[in-house]
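All remarks here apply to the structure that follows.
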Amino acid sequence: MSYRVTLIPGDGIGPEVTAAARRVADATGVSIEWEVVDAGEKAIERDGSPLPSGVLESIRHNHLALKGPITTPIGSGFRSVNVALRQQLDLYASVRPARAIAGEGTRFPETDLVVVREATEGLYSGVEHWVDRDHTAAETVNVITRKASDRIVRFAFEYARREHRHHVTAVHKANIMKTTGGLFQTAFREMAAKYPDIPADERLIDNMCMQLAKKPEEYDVIVTTNLFGDILSDLCAGLAGGLGVAPGALYGENLAVFEPVHGSAPKYAGQDKADPVAEILCVELLLRHVGETEAADRVFRAVWETIAEKKVVTYDLALPGYTPHPVPASSCSAMAKEIARKVPLVDPHSPLPRPSGAGHGGDPHLEA
Ligand code: NAD
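Positions in the sequence shown are counted from 1; adding 871 to them yields my numbering.
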């Protein structure tokens, strides 16, 4: 089977980390034809728009995209390409696995959870206005619909089933936002009843933050609304080892776009210094999505072994402050080369190094 994938190199460190990811993807032997298109700064220079229509057409046609980070221009009048992409392609599910890899760069080596965030409505609907002429009061609209809530909670249960996850936790604030939070809560409860094989429970957002800071290993799939998901997924990326190792995926109907959690880190652009792992793990997610499970397992195992060996790792995984045993930092391309070298050598059939204790739910007695 051959796949055609839209590749958006992006801005800042984007071209370096996407080149790294492509190198590792090619090492799997899976036949991928890359259709390279520009969005962001290069596209503004050439086409006068950060998101030319050709980018959307390419993703709609190929159904799959690997994306580098894109800088949001400040004060230029262009809105975020990332938000525009999500809205125009109706990429409603933002999925961010937070897996501690080889216990490096984290105080929580058993973290292995996934945040599923509704990405089209909630407090990011962009409906805001001033209440008075003097601009002393402002309001924003929190749009929650039954349709979008059903869609995201169904996605979370289906994802849990497909990925052999064990438990789904809904996060909301229905005790205070009784109408909007309550609507999401009702959608979750009714959907949970249709998946009796998957244990489900709920947490209030404030309690969830406390629980995650204490024992993230007790959570598995977390499903929530837009703003809470945005915040929780960064928190969980930090718990699992930081931005350098945090991949993400955006799913719509028949479309999937894979991109790291991190941004374009302009201060490291062109220095061959950035950690390529987040973008490489986006390739792993892409391969898993299309059913190339063995290739996906190889990529994950090669990343894991490279980080565990700590001979060829970038600065964020090498330096004091990030690790108790500092080593010299390698370049982005050297780390990618090492991971790609390992891909055909690792044993994809040995069980993935999934930490024990993951996914059996939190302690309900600690609810706030
Ligand atoms: P950022 O993630 O780009 O960088 C924050 C810091 O994290 C960096 O200075 C660096 O120290 C570290 N970092 C990030 N990625 C790393 C990597 N791969 N390896 C090692 N260290 C890494 O966040 P920012 O500075 O807030 O944003 C920069 C630009 O990126 C902004 O224009 C922002 O809008 C954009 N952005 C884009 C996306 C996206 O395209 N999906 C996501 C977030 C931010």
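Where a beta carbon is used, it is the ideal one built from N, C-alpha and C, also for glycine.
- Here Leu937 is near Val876, since their CB atoms are less than 9 Å apart.
- For Ser1135, the closest alpha carbon among the candidates Met1206, Thr942 and Glu887 is that of Thr942.
- Sixteen is the threshold: since fewer than 16 other Cβ atoms of the shown chains lie within 10 Å of the Cβ of Ile945, the residue is exposed.
- Unbroken beta strand (DSSP E) runs of no fewer than 3 residues, entirely contained in the stretch 949-1007, are found at 964-970, 983-989 and 999-1001, following chain order.
- The beta carbon of Asp1068 sits closer than 8 Å to the beta carbons of Arg1032 from its chain, once the five residues preceding and following it are set aside; these are given in chain order.
- Ala1019 sits away from Gly1100, with the two beta carbons spaced by 9 Å or more.
- Here DSSP, grouped into helix, strand and coil, assigns Ala1041 to strand.
- Assignment of beta-bridge partners to Val1170 by DSSP yields no partner.
- If you draw a straight line from the Cα of Thr1011 to the Cα of Pro968, it is about 30 Å long.
- The ligand NAD never approaches Lys1213 closely enough for any of its heavy atoms to be under 8 Å from the residue's Cβ.
- By alpha-carbon distance to Pro1131, the top candidate from Leu960, Pro1199, Val1116 and Gln959 is Val1116.
- Not a single heavy atom of the ligand NAD lies less than 8 Å from the C-beta of Val1154.
- Separation of Thr977 and Met1206 (C-alpha to C-alpha, rounded to the nearest whole angstrom) is 20 Å.
- The three-state secondary structure of Gly885, taken from DSSP, is helix.
- Annotation for Leu1103: Val986 place their beta carbon closer than 6 Å to its own, counting only its chain and skipping 5 residues before and after.
- Burial of Ala1120 is indicated by the presence of at least 16 other C-beta atoms within 10 angstroms of its C-beta.
- Check the Cα spacing between Ala1127 and each of Arg893, Cys1203, Ser873 and Leu927: the tightest is with Leu927.
- As summarised for the stretch 1013-1094, the continuous beta strand (DSSP E) elements at least 3 residues long and confined to that stretch are 1039-1043 and 1071-1075, given in chain order.
- Selection Thr899, Tyr1139, Gly1162 and Pro1222 evaluated against Asp1187 yields Tyr1139 as nearest (Cα-Cα).
- Each residue's CA atom was taken as its position, placing Ile879 and Arg950 some 18 Å apart.
- The alpha carbon of Pro1222 has as its nearest neighbour, out of Asn933, Ser1201, Phe1171 and Trp905, the alpha carbon of Phe1171.
- Boundaries of the beta strand (DSSP E) around Val1128: Leu1126 to Pro1131.
- At a Cβ-Cβ threshold of 9 Å, Tyr963 and Phe1026 count as neighbours.
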